[in-house]
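A short write-up of the structure that comes next.
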Amino acid sequence: MLTVLDALPEGFLSTPARELHRILPGPTLIRLPGRRQPALFVSVLLHGNEDSGWTGLQQVLRECAGRPLPRALTVLVGNVQAAREGLRRLDGQPDFNRVWPGTVEHARTAEAAAMEHAWRLVMEDGLVAAVDLHNNTGLNPHYSVVCRLDQASLHLARLFSRTVVWFRGLAGTQTACFAPHVPAVALECGKPGHEANARACARFISAALELAEFPAHAVREQDIDLYHSVAIVRVRPDVGFTFGEGPAEVSFDPRLDHMNFRELDPGAAWGHSRHPMPLDVRDEADADVAHRYFSTEGGVLRLQRAAMPAMLTLDERVVRQDCLCYLMERVAFERVEQARPGG
């Protein structure tokens, strides 16, 4: 299922994400030489509707056309079939960012075999760092996600944004897969289809390719806002929902995504519910913590404790395929100071 190339196919630098199926048969790994080794590994379009990373990558490669890259670059282009339809994934497909080594749910799929093949090749070649480029559908700032608190990963994350989220990771994600071995980050680049977000991706890729080595000094307090993702919030599959007024069991606030990256107090209302607990909320150990974080007293869905949401979305398909949001807490800078020096 995985195609492996050592050069860019014709049309690669000018083809939009929705037309990639014309030049790539499926997930494709492309190894490009550069002045420095080992390579930087970058994955794009693991979700087919998240095109800023793809467009930013094209910008960088066009700028470097005719001259060597500053560092070798290995690119994984993911779900071109979903990109054709402008969707995160097709019905019947697994999520391409849940099928990397470590996945349990999708371990026997062709997609998992393809990503294991890609992972093995990248690890055998050697890499300086792993980067996964994403968009989201709600109102979120640009931010980076790390699975380990090491200084190299934090410095890499800071190349993109001072806002960094520490999340130990879901099984089968690209970042969680590479993080035990090298500095690894996932970048959340705002909404797809916006030129400014593609340019932000391009700036990051260029900076990472130019990086000769990671700084020896620790990240400074004034340079980072670090948050810990403590829970993932999903709507229970048997519960109907809507945003705004409607007959569903849960009516979420139609401006819910305006709460992203806001520190919310206990009692903050998220909507109305006729269900005693419409949400499935899991902590990092996959324990059910719904009643720790939410209540439905009086038919109002409220936060039980202070938290900061991220990735709240009004896209019902995304809510069903992924989640409603993540809940975060601010991390004291002392944890950053204690971070390991290496990856």
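Residue 69 in our numbering sits at position 76 of the sequence shown, and the numbers go up by one each step. C-beta atoms are modelled at their ideal positions from N, C-alpha and C, and glycine is treated no differently.
Reduced DSSP category for Arg328 - H, G, I as helix; E, B as strand; rest coil: What you label residue 328 is simply residue 335 of the sequence shown in a count that begins at 1. In the structure shown, Arg328 sits in a helix (DSSP, three-state: H, G or I).
Cβ neighbours of Val121 in the same chain (closer than 6 Å, five flanking residues each side left out): Numbered from its first residue, the sequence shown carries residue 121 at position 128. Same-chain partners within the cutoff: Pro31, Leu33.
Identity of the residues DSSP links to Tyr220 by a beta bridge: In the sequence shown, residue 220 corresponds to position 227, counting from 1. Partner(s): Val158, Arg323.
Same chain, Cβ closer than 8 Å to Cys316, neighbours up to 5 away in sequence not counted: Mapped onto the sequence shown, residue 316 falls at position 323. Here the set comprises Ile225, Val226, Arg227, Met304.
Burial state of Met321 (16 or more Cβ within 10 Å): Locating residue 321 in the sequence shown gives position 328, counting from the first residue. Met321 should be labelled buried.
Straight-line gap, Phe171 to His14 (C-alpha atoms, nearest Å): As a first step, residue 171 must be located in the sequence shown, where it is residue number 178. As a first step, residue 14 must be located in the sequence shown, where it is residue number 21. Approximately 27 Å, taken between the alpha carbons.
Reduced DSSP category for Met116 - H, G, I as helix; E, B as strand; rest coil: What you label residue 116 is simply residue 123 of the sequence shown in a count that begins at 1. Correct three-state label for Met116: helix.
Which listed residue (Asp44, Gly131, Leu(-5)) has its alpha carbon closest to that of Arg77: Sequence index remark: in the sequence shown, residue 77 carries index 84 (1-based). Answer by Cα proximity: Asp44.
Per DSSP, cross-strand counterpart(s) of Ala32: Against the sequence shown, residue 32 aligns to sequence position 39. Ala32 pairs with Leu120.
Gly119 to Val97 span [Cα, whole Å]: Your numbering for residue 119 matches position 126 in the sequence shown. Your numbering for residue 97 matches position 104 in the sequence shown. For Gly119 and Val97, the distance between alpha carbons rounds to 26 Å.
Nearest-angstrom beta carbon gap, Arg248 and Met301 [assumed within contact, 8 Å]: Start at 1 with the first residue of the sequence shown, and residue 301 comes out as number 308. Start at 1 with the first residue of the sequence shown, and residue 248 comes out as number 255. Contact flag wrong, Cβ pair sits at about 17 Å.
Collapsed DSSP secondary structure at Ile16 in the structure displayed: Position 23 of the sequence shown holds residue 16. DSSP places Ile16 in coil when its eight states are reduced to three.
Contacts around Glu242, its chain only, beta-carbon distance under 8 Å, and the 5 residues preceding and following it disregarded: In the sequence shown, counting from the first residue as 1, residue 242 sits at position 249. Around Glu242: Val232, Gly233, Phe234, Ser266, Arg267, His268, Pro271.
Residue from Ala103, Asp308, Leu66, Asp88 whose Cα sits closest to the Cα of Gly237: For the purposes of this step, residue 237 is identified with residue 244 of the sequence shown, where counting begins at 1. Comparing Cα-Cα distances from Gly237 to each of Ala103, Asp308, Leu66, Asp88, the minimum goes to Asp308.
Beta bridge counterpart(s) of Ile225 as assigned by DSSP: Translated into the one-based positions of the sequence shown, residue 225 becomes position 232. DSSP, once it has assigned bridges, lists Arg275, Tyr319 as partnering Ile225.
Exposed unless 16 or more other CB atoms sit within 10 angstroms - verdict on Met252: Position 259 of the sequence shown, counting from 1, holds the residue named residue 252. Buried is the call here.
Inter-stretch contact at 8 Å, needing at least 3 Cβ pairs: the segment 85 to 97 / the segment 186 to 198: no
Continuous alpha helix (DSSP H) assignments of at least 4 residues falling wholly in the segment 239 to 284: none
Supposed contact pair Thr(-4) and Pro26 - C-beta distance, whole angstroms, cut 8 Å: Taking the first residue of the sequence shown as 1, we reach residue 26 at position 33. Taking the first residue of the sequence shown as 1, we reach residue -4 at position 3. The Cβ separation is near 19 Å, so there is no contact.
For Arg91, three-class secondary structure by DSSP: Stepping through the sequence shown from its first residue, residue 91 is reached at position 98. Here Arg91 sits in coil by DSSP.
Straight-line Cα distance separating Arg55 from Ala123: One-based indexing of the sequence shown puts residue 123 at position 130. One-based indexing of the sequence shown puts residue 55 at position 62. Cα to Cα, Ala123 sits roughly 21 Å from Arg55.
CB-CB length for Ile212 against Val329, believed under 8 Å: Taking the sequence shown and counting its residues from 1, one reaches residue 212 at position 219. Taking the sequence shown and counting its residues from 1, one reaches residue 329 at position 336. Sequence check: residue 212 is Val here, not Ile. Yes, Val212 and Val329 are in contact; Cβ-Cβ is about 6 Å, under 8 Å.
N- and C-terminal bounds of the beta strand (DSSP E) containing Phe236: Here residue 236 is taken as the residue at index 243 of the sequence shown, counted from 1. Looking at the DSSP string, the run of the beta strand (DSSP E) that includes Phe236 is 234 to 236.
CB of Arg229 within 9 Å of CB of Asp273, strictly: Position 236 of the sequence shown, counting from 1, holds the residue named residue 229. Position 280 of the sequence shown, counting from 1, holds the residue named residue 273. Yes, the pair counts as a contact, with Cβ atoms nearer than the cut-off.
Simplified DSSP state of Phe197, which is helix, strand or coil: Along the sequence shown, read from residue 1 onward, the residue named residue 197 stands at position 204. Looking at Phe197 - three-state DSSP - the assignment turns out to be helix.
Reduced DSSP category for His110 - H, G, I as helix; E, B as strand; rest coil: Residue 110 sits at position 117 when you count from the first residue of the sequence shown. DSSP places His110 in helix when its eight states are reduced to three.
Cα-Cα separation, Gly131 to His174: Here residue 131 refers to the residue found at position 138 of the sequence shown. Here residue 174 refers to the residue found at position 181 of the sequence shown. So the alpha carbons of these two residues sit roughly 31 Å apart.
Residue interval of the beta strand (DSSP E) (run including Ala179): One-based indexing of the sequence shown puts residue 179 at position 186. Its beta strand (DSSP E) spans residues 177 to 181.
Residue ranges of each alpha helix (DSSP H) within the segment 38 to 74, 4 or longer: 45 to 56
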